[in-house]
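Visitor:
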Amino acid sequence: MMKTKFQLKNPMPNLNKPVALDAAIVLAVLGGLIGVSITGGYTQFIIGLVAITTILCVGLNVLYGLTGLVSLGQVGFFAIGAYASAILTLAGLNFWLSLVASSVIAGFAGCLLALSAVRMAGPFLAMVTIAFAFIVEHGAIEWRALTGGQNGLMGFPMPELFGYMLSETDLVMLCVILGGVALLAFRRLVTSGWGMAMTSMRDAEIAASSLGYNAFVVKATGFAIAAAMAGLAGALFAPLMMFIAPSNFPLSQSILYLFAVILGGAGTVLGPLVGATVSVMLPEMLADFAEYRLLIFGALLIVVLLIAPRGIVGVVERFIPLKKRKVNATPAAEIEAGLKAYTKSDGLVVDDISIAFGGVKAVNSVSFTAKPGQVTSIIGPNGAGKTTLLNIISGFYKPTEGAVGIGDQDIAGKPTDFAARNGIARTYQATRLFENMSVVDNVIAGLPVGRFGNPFSAIASDENRNHAAGLLAFCGYQGDIDARAGDLPHVDRRLVEIARSLATRSGVLLLDEPAAGLMHADKVSLSKLLRQLADAGITVVLVEHDMEMVMGISDQILAVDAGTPIIFGSPQAVQSNPQVIAAYLGDGKMKARPRPIPFEAGESPVIETLRLTAGYGAAPVLQSVDIKVRQGEMVALLGANGAGKSTFLTALAGLLRPVKGQIVLNNEYIHAFAPHQIVEQGLILVPEGRQVFPELTVRENIELGAYKQPKPVSADELEAILKRFPRLRDRINSPAGLLSGGEQQMMAIARGLVAKPKALLLDEPSLGLAPAMVEELYAILGELRDDGVTILLVDQMATMALSVADYAYVLEQGQVVAEGPASDLRQDERLIAAYLGGSEQGDKKQEKVAVGDV
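Here the sequence shown is numbered in the UniProt record's numbering, starting from 1 and rising by one per residue.
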């Protein structure tokens with residue numbers, strides 16, 4: 001049977017969004033003017049109220065829809081504008097001048113509020129704006145000499161224009177026209193550098209700061225615009241009402257304004273108009289239920305948020321076909337020539353940098369020079385201070401001493417946006433894209449390097465789009481440049497973030513674990529890209545755990561441990577340095593702790609994984625891992641940072657669902673169980689970083705471990721725990737947050753033990769602890785092993801773990817590359833290779849040539 005293909009005779013044409021929006025706004029204004037001209041009385045008043053509310057909501061849309069800041073005090077600025085206009089016109093000032101003055105006064109009040117408000121977030125910001133609204137309301141009540149108190153103000157002269165006194169109809173028409181102007185201005189603002197800065201700050205403040213945007217300036221600008229627009233709306237409200245009093249400006253009105261923005265569509269151009277229309281018209285339609293107005297609005301808002309979180313306009317936009325803009329990506333040769341033209345200065349000079357947190361030096365007297373045209377890598381075990389060092393260079397931390405030089409500029413201690421504007425670009429461990437922007441707009445956001453530009457000029461010009469598309473192609477991105485960045489797979493997110501960094505035209509590029517979570521082929525492509533960037537003259541500073549990649553592309557490497565530099569030199573020198581090997585594997589001084597009675601492994605394992613594969617995105621972190629842990633056995637899982645050790649424990653605990661394979665606990669498959677069900681089965685995780693509840697006491701933290709047990713922790717059980725961990729006895733009633741790191745680790749293990757585990761998973765118990773505390777902790781682990789506790793241990797210090805383990809597995813890039821009795825693996829060269837990369841690196845020059853053949 002032949003299928004018939006139906007097609008509309010006149011399908012809706014694809015629309016140019018800016019032109020379509022402008023046309024819609026003009027039509028809405030014309031409709032409003034026609035409505036005013038053919039109606040009168042109360043209907044005209046309602047149309048004017050819709051127009052005034054639209055003006056206010058446009059400002060609130062800038063603050064909330066673009067900048068992401070919630071204000072529940074807009075009615076305060078509205079009142080300031082109304083009273084300012086009323087007082088000034090009663091004093092004899094021209095209406096048009098009072099209109100401007102009211103906006104300026106409200107905007108100035110917004111700037112003053114922003115000084116404290118923008119430094120807060122969430123409920124604290126909302127509380128500050130609520131307090132502001134209360135202050136304005138009660139100020140209007142108490143300042144009777146100026147505001148008339150509860151009696152209010154009235155008798156305002158009608159506006160005049162060239163000697164003609166405007167009628168009420170004319171005034172409403174003015175409101176409609178100004179409402180349209182506000183919408184058109186917002187349409188241009190949202191596509192300008194100003195709108196780009198605000199939406200960037202909303203989606204990812206840290207990333208926006210590292211592109212050169214000053215967070216305070218961006219947020220304060222949003223506050224000032226929102227306040228000025230509210231003031232303008234208030235200045236129109238006074239002559240429209242012909243009477244104002246504090247009762248006109250209740251706090252509940254601020255909630256309705258925010259409701260209107262969300263209902264219409266936060267961040268959309270027409271959202272304020274739609275939201276204002278609904279919020280003004282709905283009470284008129286439900287006049288018989290006035291006392292239930294807020295209840296009805298609240299219920300409607302919940303429905304909208306559940307069904308259409310982007311508001312009414314957001315839903316409609318999904319069904320309107322839009323023209324896809326053509327792009328002619330800048331050729332790769334031109335992009336590469338542009339990279340070579342970037343300001344290179346003398347590279348990056350880090351001189352004797354130190355920083356301490358709580359008395360502990362995270363970075364201690366680190367010095368190195370990263371030269372243009374070279375890849376300089378920073379390596380070290382977990383907690384060595386690598387990311388902290390990048391944070392100092394890029395301005396997130398202020399060092400206690402030392403200097404960071406780029407060219408003739410010392411940027412140490414300067415803000416992040418200052419560092420970005422002076423040639424520092426940055427990527428992050430967890431990619432920080434602007435999720436709600438398109439891919440190409442993410443890259444365009446880096447082009448201004450913090451400059452706002454013309455508020456009414458589109459930043460996504462054809463020239464900028466072509467350049468951004470060229471940067472994306474140069475970095476290897478092959479997807480849709482107009483796709484939403486939040487929907488990208490992991491590897492594409494990495495490439496977009498690098499392209500965005502290159503858009504800033506910075507001479508120094510800092511990369512924090514860019515290869516994390518990538519497949520082998522993607523790592524090869526990334527290595528070629530980084531080498532290509534260095535060969536173009538950019539100073540590349542790389543923090544990476546993939547030692548094969550680091551050794552293959554680096555010109556020089558800085559190795560650090562516990563914040564202190566070990567060696568700065570060639571890959572070969574670093575790879576063979578005894579101190580570097582000791583930093584990764586331990587110094588070998590810790591003697592093995594043999595069992596008093598030789599361990600005899602049982603036949604049936606307590607824990608067994610069968611071809612376990614798991615990951616966080618498209619690239620699996622673990623690939624077909626088979627591991628067994630028998631009753632009473634302590635097994636160590638070893639490997640370099642990023643090998644998949646913690647991911648393996650996370651998968652066992654049910655916090656990460658495996659992609660393939662099976663997990664067996666005491667002959668029962670548990671890989672599909674929820675985390676709490678796995679705890680009930682007796683598999684207990686003591687996570688990396690202790691994860692204590694700082695406000696609870698030590699006793700309460702320990703007792704929480706028995707939450708899934710049929711009975712709470714008894715006095716005898718608690719006493720047995722305290723005998724095993726005597727340091728906790730004197731701290732039993734102290735808040736856990738006041739304990740040292742070692743004491744918190746002991747408490748975390750104690751919390752796991754009271755759960756009566758069939759197997760205990762320990763993730764990095766020695767991380768961040770002093771050597772003496774590590775010795776004490778490992779002595780306790782040896783006792784637990786001797787008492788028959790089944791333990792799977794992950795620790796960055798391999799020799800420590802092997803000193804107490806019966807058996808060990810070595811992971812490299814998510815696969816088991818070695819296994820055997822712990823005593824044998826202590827001398828196995830494969831262990832060193834797994835931590836510091838294979839020994840067959842080849843000739844350095846040949847490697848560079850091969851990498852350069854892209």
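The beta carbon of each residue, even a glycine, is placed where N, CA and C say it ideally should be.
Assign Lys371 to one of three DSSP states: helix, strand, or coil.
Guide: It is coil, neither helix nor strand.
Visitor: For Leu510 versus Leu530, is the C-beta distance shorter than 9 Å?
Guide: No.
Visitor: Does the structure place the region 675–686 close enough to the region 626–633 that three or more beta carbon pairs sit under 8 Å?
Guide: No, because fewer than three Cβ pairs between the region 626–633 and the region 675–686 fall closer than 8 Å, the two stretches do not touch.
Visitor: By DSSP, does Lys340 sit in helix, in strand, or in coil?
Guide: Here Lys340 sits in helix by DSSP.
Visitor: Please state whether the Cβ-Cβ distance between Lys645 and Leu656 is less than 9 Å.
Guide: In this structure, Leu656 does not lie closer than 9 Å to Lys645 by Cβ.
Visitor: Under a Cβ-count criterion, where at least 16 other Cβ atoms within 10 Å of its own Cβ denotes burial, should Met797 be classed as buried or exposed?
Guide: Result: buried.
Visitor: Would you call the region 704–717 and the region 746–757 in contact, with 3 or more CB pairs under 8 Å?
Guide: Contact holds: three or more Cβ-Cβ distances are below 8 Å.
Visitor: Buried or exposed: Phe77, going by 16 or more other Cβ atoms within 10 Å of its Cβ?
Guide: Counting Cβ neighbours within 10 Å, Phe77 comes out buried, since at least 16 surround it.
Visitor: Roughly how many angstroms separate the alpha carbons of Tyr83 and Ala121, rounded to a whole number?
Guide: Roughly 30 Å between the two C-alpha positions.
Visitor: Restricting to Cα atoms, I'd like to know which of Ala215, Arg188, Gly193 and Cys475 is closest to Met201.
Guide: Answer by Cα proximity: Ala215.
Visitor: Beta-carbon within less than 6 Å of Gly48's beta-carbon, same chain only, minus the 5 sequence neighbours each way: which residues are those?
Guide: Within the same chain, Gly48 has close Cβ partners Val172, Cys175 and Leu240.
Visitor: Any idea what DSSP makes of Gly347, helix, strand or coil?
Guide: Three-state result, Gly347: strand.
Visitor: Cα-Cα, which of Asp408, Ile424 and Thr277 is closest to Pro415?
Guide: Ranking the options by Cα distance to Pro415, first place goes to Ile424.
Visitor: Checking the sheet assignment: what are the DSSP bridge partners for Asp561?
Guide: Note: Asp561 sits in a beta bridge opposite Thr564.
Visitor: Out of curiosity, what's the CA-to-CA distance linking Ala20 and Val269?
Guide: Distance between the alpha carbons of Ala20 and Val269: 11 Å.
Visitor: Within the continuous alpha helix (DSSP H) that includes Tyr809, where are the two ends?
Guide: Not the alpha helix (DSSP H): Tyr809 falls in the beta strand (DSSP E), residues Tyr807 to Glu812.
Visitor: On a Cα-Cα basis, can you pick out the residue from Leu113, Leu97, Thr129 and Ile597 that is closest to Glu160?
Guide: Cα-wise, what sits closest to Glu160 is Leu97.
Visitor: Comparing C-alpha positions only, which one of Val713, Asn151 and Leu189 sits nearest to Pro18?
Guide: Closest option to Pro18, Cα to Cα, is Leu189.
Visitor: Thinking C-alpha only, which one of Asn641, Leu146, Gly569 and Ala182 is nearest Thr53?
Guide: Selected option, being the one with the closest Cα: Ala182.
Visitor: At a cut of 8 Å, does the region 190–210 reach the region 433–449 through at least three beta carbon pairs?
Guide: Yes, they touch.
Visitor: Measure the CB-CB distance between Ile355 and Thr388 and report whether it falls below 9 Å.
Guide: Cβ distance < 9 Å, so Ile355 and Thr388 count as in contact.
Visitor: Whole angstroms are fine: how far does the CA of Asn364 sit from the CA of Gly768?
Guide: Each residue's Cα considered, the two are about 15 Å apart.
Visitor: Following the continuous alpha helix (DSSP H) through Lys645, name the residue where it begins and the one where it ends.
Guide: It spans Lys645 to Leu652 - the alpha helix (DSSP H) in which Lys645 sits, taken as one unbroken run.
Visitor: Hey, out of Ala109, Lys523 and Pro620, whose CA is closest to Phe132's CA?
Guide: That would be Ala109, whose Cα lies nearest to the Cα of Phe132.
Visitor: Measuring only the C-alpha atoms, how far is Val118 from Leu63?
Guide: Those two C-alpha atoms are separated by around 11 Å.
Visitor: Leu33: which of Ile177, Leu90 and Ile25 sits nearest, CA to CA?
Guide: Closest option to Leu33, Cα to Cα, is Ile177.
Visitor: Specify the secondary structure class of Pro620 as computed by DSSP and reduced to three states.
Guide: Note: Pro620 maps to strand in three-state DSSP.
Visitor: For Pro605, list the residues DSSP reports as bridge partners.
Guide: Partner(s): Arg630.
Visitor: Just to confirm before moving on: does the CB-CB distance between Ala651 and Leu683 stay below 9 Å?
Guide: No, the Cβ-Cβ distance between Ala651 and Leu683 is not below 9 Å.
Visitor: Counting C-beta neighbours from all protein chains within 10 Å, is the total for His671 16 or more, i.e. buried, or is it exposed?
Guide: Buried is the call here.
Visitor: Where Leu585 and Ala473 are concerned, what is the direct C-alpha to C-alpha distance, given to the nearest angstrom?
Guide: Whole-angstrom Cα-Cα distance: 40 Å.
Visitor: So with Cβ pairs under 9 Å, would you call Ala23 a contact of chain B?
Guide: The structure shown contains no chain B; it is built from a single protein chain.
Visitor: Locate the beta strand (DSSP E) running through Ala226, then write down its first and last residues.
Guide: Where Ala226 is concerned, there is no enclosing beta strand (DSSP E), although the alpha helix (DSSP H) it sits in stretches over Ala215 to Met241.
Visitor: Between which two residues does the alpha helix (DSSP H) carrying Gln579 extend?
Guide: Taken as a continuous stretch (DSSP letters only), the alpha helix (DSSP H) holding Gln579 covers Pro578 to Leu585.
Visitor: Taking 6 Å as the limit between beta carbons, can you name the residues of its chain near Pro571, skipping five residues before and five after?
Guide: Closer than 6 Å at the Cβ level, and outside the excluded window around Pro571, lie Met551, Ser554 and Ile557.
Visitor: Is Lys660 helix, strand or coil by DSSP?
Guide: Strand.
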